[in-house]
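Input: a single structure, listed below in structure tokens.
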Amino acid sequence: YLRQAHPSAVRLYVVGGGGLVDELQKEGFICTGGPAEDDEKFTEEGFKSLADAVGEEMFDGVVVGWDTALTYRKVAKSALVFQRHPEAFFYATNDDAADRVGGWMLPGNGPLLGAIEAACAACAPE
Numbered sequence: 028y029l030r031q032a033h034p035s036a037v038r039l040y041v042v043g044g045g046g047l048v049d050e051l052q053k054e055g056f057i058c059t060g061g062p063a064e065d066d067e068k069f070t071e072e073g074f075k076s077l078a079d080a081v082g083e084e085m086f087d088g089v090v091v092g093w094d095t096a097l098t099y100r101k102v103a104k105s106a107l108v109f110q111r112h113p114e115a116f117f118y119a120t121n122d123d124a125a126d127r128v129g130g131w132m133l134p135g136n137g138p139l140l141g142a143i144e145a146a147c148a149a150c151a152p153e
């Protein structure tokens, strides 16, 4: 669907797991983010360099999937993509509130998505 909706899109920032990155790459997208950023820490000192780096790269969109290693840095970088590239699109694989694993309920993609949506809305131009 994403390729059909955005045939000229090339570069995506991905918040999600390796499977999502793999599927997007199969469709010809260049992906940054995903598990490659799982261990990167956020610092206020590093924020300016992160903002500069996001501005130097061209992002066509942000795609959010279930990410068991969601970090503040990933949320901040998603918000920066939209500040630096307001024309970028935003997709999520789903907005499920929870997922059953065994007899237990785990937070699904919806709560993670909510954090990113709220951060992006807070940074949107008025």
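Our numbering puts the first residue of the sequence shown at 28, with every later residue one more than the last.
Every residue, glycine too, gets a C-beta built ideally from N, C-alpha and C.
| Check | Outcome |
| --- | --- |
| Check whether the Cβ atoms of residue 140 and residue 119 sit closer than 8 Å, and answer yes or no. | yes |
| Would you say residue 91 and residue 57 are within 8 Å of each other, going by their C-beta atoms? | no |
| Bridge partners for residue 40 per DSSP, in chain order? | 59, 89 |
| Can you tell me which of 150, 65, 104, 93 puts its alpha carbon nearest to the alpha carbon of residue 136? | 93 |
| Helix, strand or coil for residue 113 per DSSP? | coil |
| Just the Cα atoms here: how many angstroms apart are residue 103 and residue 51? | 22 Å |
| In this structure, how does DSSP classify residue 94 when only helix, strand and coil are distinguished? | coil |
| Please name the residue, chosen from 67, 134, 89, 127, that lies closest to residue 113 on a Cα-to-Cα basis. | 89 |
| Closest by CA to residue 133, which one among 95, 101, 65? | 95 |
| With residue 138 as the anchor, note down where its alpha helix (DSSP H) starts and where it stops. | 136–149 |
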